[in-house]
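So the protein lines, in turn, are chains B and L. Reading the first sequence from the start, the letters are residues 1 to 197 in the UniProt record's numbering. Reading the second sequence from the start, the letters are residues 1 to 197 in the UniProt record's numbering. Every residue gets a Cβ at the ideal spot worked out from N, C-alpha and C, and that includes glycine. The structure appears right after this line, and notes come after that.
2 protein chains.
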Amino acid sequence: MVGPEIERLIQLLSRLPGLGPRSARRAALRLVERRESLLIPLAAAMAEAADKVKTCPVCGNFDTVTPCAICADPRRDASLLCVVEDVAALWAMERTGSFKGRYAVLGGLLSALDGVGPEDLGIARLVERARDAAVAEVILATPATVEGQTTAHYIADHLADCAVSVTGLAHGVPVGGELDHLDEGTITAALRARRRF
Amino acid sequence: MVGPEIERLIQLLSRLPGLGPRSARRAALRLVERRESLLIPLAAAMAEAADKVKTCPVCGNFDTVTPCAICADPRRDASLLCVVEDVAALWAMERTGSFKGRYAVLGGLLSALDGVGPEDLGIARLVERARDAAVAEVILATPATVEGQTTAHYIADHLADCAVSVTGLAHGVPVGGELDHLDEGTITAALRARRRF
């Protein structure tokens with residue numbers, strides 16, 4: 001009952017995170033309803049992004065300039081190298097405004113199950129970057145999951161003979177977090193890392 | 001920190017139903033990550049929909065043919081005219097597979113607050129269609145909300161001197177619905193419309 005063009009639009013939209021088959025249908029309808037103000041501009045914005053946005057060959061960030069604006073910014077501290085799982089994590093770090101170093105985007109995490117090995121994540125290249133005399137500290141900011149921590153340990157092992165200090169993000173109670181809503185692992189970590197008040 | 005192209009993509013995506021600012025950012029990232037398999041095909045599908053999908057001048061449905069496939073289908077019962085709020089409601093009716101008549105899409109509901117009057121919904125044209133000798137019954141399938149029922153009553157009043165029977169969808173317990181989860185209004189309506197077992 002729906003034409004093949006709309007069917008295809010729904011099918012592609014349903015592959016976006018956060019949109020299931022039902023909400024993809026609603027999104028497709030909204031797009032067709034707002035042809036001039038939404039459908040045409042969004043199609044153009046996507047075509048432009050496909051045309052212009054590239055992966056930074058240095059850090060793996062997405063940007064329209066090569067290398068990306070962060071890698072090219074001389075005010076960023078070249079002595080700090082922050083290792084993140086993906087560009088979403090890089091953006092999350094940037095939103096804090098509290099990190100002024102540079103990044104290495106892995107593009108995934110080590111996973112025997114999914115067949116992701118060190119070569120898929122460019123870890124040899126990362127170790128090469130860490131050997132640069134300018135780099136003093138590598139911050140392993142992979143997620144606090146089993147795969148995230150396995151990946152962090154693997155990278156730390158391979159950085160052992162580099163002249164850099166290797167650090168990781170602190171575990172603890174999230175700002176604004178209530179103890180009652182936290183898992184035991186987080187509370188245990190926060191207790192172990194307790195500081196003088 | 002995000003280029004203007006990605007910023008614009010996020011901003012447009014966040015106007016889709018079901019995507020807030022946070023999920024629009026995730027969707028934009030997914031698109032850029034899957035440039036070949038998702039971003040380019042979706043941009044093309046949107047451009048094609050913008051180019052080909054039209055509003056049916058007879059019923060208000062969206063389709064690539066004019067009039068739409070439903071209006072043009074000689075097997076559809078021309079004696080039944082179902083009035084729905086929007087194309088989403090039309091699609092919902094079609095998914096049931098149990099309605100074989102034709103539609104009139106209002107494109108909204110009467111709302112003094114939002115300044116939506118009868119002329120915005122093409123109600124005069126709907127009354128004109130109902131005067132066609134082929135039409136025997138107009139089914140008012142607007143939502144069971146205050147605005148939906150106000151709109152239905154308004155249309156029913158204006159169909160009073162047409163030679164058609166005017167009906168509405170039944171109220172009652174949804175199939176699979178538990179009484180404990182239903183509002184009092186629905187239970188009252190289901191009780192009043194009770195049928196011999």
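Could you name the residues of the same chain whose beta carbon sits closer than 8 angstroms to that of residue i, not counting the 5 residues immediately before and after it, in chain order?
{"i": "B:Thr-150", "result": "Leu-109, Leu-110"}
{"i": "B:Leu-19", "result": "Leu-13, Ala-27"}
{"i": "L:Gly-148", "result": "Glu-85, Leu-109, Thr-142"}
{"i": "L:Ile-123", "result": "Leu-106, Tyr-154, Ile-155, His-158"}
So for residue i, helix, strand or coil by DSSP?
{"i": "L:Val-166", "result": "strand"}
{"i": "L:Glu-178", "result": "coil"}
{"i": "B:Ser-14", "result": "coil"}
{"i": "L:Arg-194", "result": "coil"}
{"i": "L:Leu-31", "result": "helix"}
{"i": "B:Ala-134", "result": "coil"}
{"i": "B:Leu-39", "result": "helix"}
{"i": "B:Val-146", "result": "helix"}
{"i": "B:Gly-3", "result": "coil"}
{"i": "B:Ala-127", "result": "According to the sequence shown, residue 127 of chain B is Val rather than Ala. DSSP places B:Val-127 in helix when its eight states are reduced to three."}
{"i": "L:Asp-183", "result": "coil"}
{"i": "L:Asp-161", "result": "coil"}
{"i": "L:Leu-9", "result": "helix"}
{"i": "B:Leu-19", "result": "coil"}
{"i": "B:Leu-121", "result": "helix"}
Report the option in the options whose CA atom is closest to the CA atom of residue i.
{"i": "B:Ala-133", "options": "B:Ser-165, B:Pro-143, B:Lys-100, B:Ala-156", "result": "B:Ser-165"}
{"i": "L:Glu-128", "options": "L:Ala-112, L:His-153, L:Ala-163, L:Asp-114", "result": "L:Ala-163"}
{"i": "L:Ala-47", "options": "B:Val-65, B:Ile-6, B:Ala-193, B:Ala-190", "result": "B:Ile-6"}
{"i": "L:Thr-55", "options": "B:Lys-52, B:Arg-34, B:Ala-136", "result": "B:Arg-34"}
{"i": "L:Thr-64", "options": "L:Ala-50, L:Arg-26, L:Gly-117", "result": "L:Ala-50"}
{"i": "B:Tyr-103", "options": "B:Ala-88, B:Ala-43, B:Val-53", "result": "B:Ala-88"}
{"i": "B:Arg-76", "options": "B:His-171, B:Arg-196, B:Val-135, B:Ile-155", "result": "B:Val-135"}
{"i": "B:Ala-45", "options": "L:Ile-187, L:Arg-15, L:Ile-10", "result": "L:Ile-10"}
{"i": "B:Met-93", "options": "B:Pro-118, B:Asn-61, B:Asp-114", "result": "B:Asn-61"}
{"i": "L:Lys-52", "options": "B:Val-53, B:Leu-39, B:Ser-23", "result": "B:Leu-39"}
{"i": "B:Val-41", "options": "L:Arg-8, L:Arg-125, L:Ala-144, L:Arg-25", "result": "With the sequence shown as reference, residue 41 of chain B is identified as Pro, and Val is not the correct amino acid for it. Selected option, being the one with the closest Cα: L:Arg-8."}
{"i": "B:Phe-99", "options": "B:Ala-78, B:Phe-197, B:Leu-16", "result": "B:Ala-78"}
{"i": "L:Glu-178", "options": "L:Ala-170, L:His-171, L:Ile-187", "result": "L:Ile-187"}
May I ask you to list the residues that DSSP assigns as paired with residue i?
{"i": "B:Leu-140", "result": "B:Val-83, B:Gly-168"}
Going by beta carbon distance, what residues of the same chain come within less than 6 angstroms of residue i, once the five residues before and after it are set aside?
{"i": "B:Arg-131", "result": "Cys-162"}
{"i": "B:Val-32", "result": "none"}
{"i": "L:Val-58", "result": "Pro-67, Cys-71"}
{"i": "L:Leu-106", "result": "Glu-85, Leu-121"}
{"i": "B:Ile-139", "result": "Cys-82, Thr-167"}
{"i": "B:Leu-80", "result": "Gly-101, Glu-137"}
Give me, in chain order, the residues of the same chain whose beta-carbon lies closer than 7 angstroms to that of residue i; leave out the 5 immediate sequence neighbours on both sides.
{"i": "B:Ala-152", "result": "Leu-140, Thr-142, Gly-168"}
Can you list the residues of chain D that residue i reaches, using a CB-CB cut of under 7 angstroms?
{"i": "L:Thr-64", "result": "Annotation note: the requested chain D is absent from the structure, which comprises protein chains B and L."}
(request) Could you pull out every unbroken beta strand (DSSP E) segment of at least 3 residues lying fully inside the stretch 48 to 119 of chain L, listed in chain order? (result) 80 to 84, 102 to 105
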